[in-house]
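Working notes, structure below.
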Amino acid sequence: MIKVGDKVAVLDEPIEGVVLKIEKQEITIKTSDDLMMTFFVNEVVNINEMNNLTDLFGSKSLNDVLNDKREPKKRSFTKEKKSKKDEYVVEVDLHIEKLVPSSKGLTNFDMLNIQMETVKRQLEFAIKNRIPKLVFIHGVGEGVLKSEIEYFLSRYDNVSFQEANFRKYGLGATEVYIKQSLG
1 MIKVGDKVAV LDEPIEGVVL KIEKQEITIK TSDDLMMTFF VNEVVNINEM NNLTDLFGSK
61 SLNDVLNDKR EPKKRSFTKE KKSKKDEYVV EVDLHIEKLV PSSKGLTNFD MLNIQMETVK
121 RQLEFAIKNR IPKLVFIHGV GEGVLKSEIE YFLSRYDNVS FQEANFRKYG LGATEVYIKQ
181 SLG
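Numbering follows full-length UniProt numbering, in which position 148 of the sequence shown is assigned residue number 148; successive positions increment by one, without gaps.
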């Protein structure tokens with residue numbers, strides 16, 4: 001039970017103070033900065049009753065409990081084992097809405113040219129910077145873009161490609177490996 005004169009802490013805020021008055025379900029406190037603040041009874045906890053808090057929260061201190069409430073819990077994920085090759089994967093999303101601010105007024109031919117220019121630019125960048133692996137995300141659609149990408153990539157001697165990891169990308173991605181020359 002909280003009464004006038006008790007030292008209290010606010011649950012969702014890093015605020016502590018002394019209770020000045022209690023009216024119905026509201027408590028007015030004076031903080032260490034001499035600010036008067038009003039909270040609902042269920043928003044504050046009595047710091048004077050640390051023994052009772054220890055019973056409630058076990059060995060955790062009030063600050064630990066308040067921090068747990070403040071900081072979102074980190075979600076646990078199972079990590080996939082990755083080889084060194086997989087560390088530097090450049091993913092290029094070729095969906096037209098990712099490449100241009102608006103596709104309004106563009107013909108299918110225009111869109112395909114923009115997408116293929118992006119493929120060419122990204123592949124040349126990867127070769128120049130010795131990036132061993134790229135993934136082009138093209139989507140499923142009718143397969144026109146995928147066919148164009150495969151035709152384009154087949155013209156390179158130092159490039160091999162295959163469908164990308166189904167679990168990660170679904171059916172709409174092509175994985176490209178660049179064989180680096182030692183020179």
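The C-beta atom is built at its ideal place from N, Cα and C for all residues, glycine as well.
For the pair I131 and A164, the Cα-to-Cα distance works out to about 17 Å. Annotation: the UniProt domain "Smr" (116-179) contains the following complete segments of the alpha helix (DSSP H) (minimum length 4 residues), in chain order: 144-154, 166-169. By the Cβ neighbour-count rule, Q162 is exposed, with fewer than 16 other Cβ atoms within 10 Å of its own. Checking the DSSP bridge columns, you'll see I114 has no partner listed. Around the beta carbon of L123, a 10 Å sphere encloses 16 or more other beta carbons of the protein chains shown; the residue is thus reported as buried.
If the five residues before and after L112 are omitted, its C-beta is found closer than 8 Å to the C-beta atoms of V144, L145, E148, all from its own chain and listed in chain order.
Residues of the same chain with a CB within less than 7 Å of the CB of S103, apart from the 5 flanking positions on each side, are I96, E97, M111 in chain order.
Here the C-alpha atom of E91 lies approximately 10 Å from the C-alpha atom of Y169.
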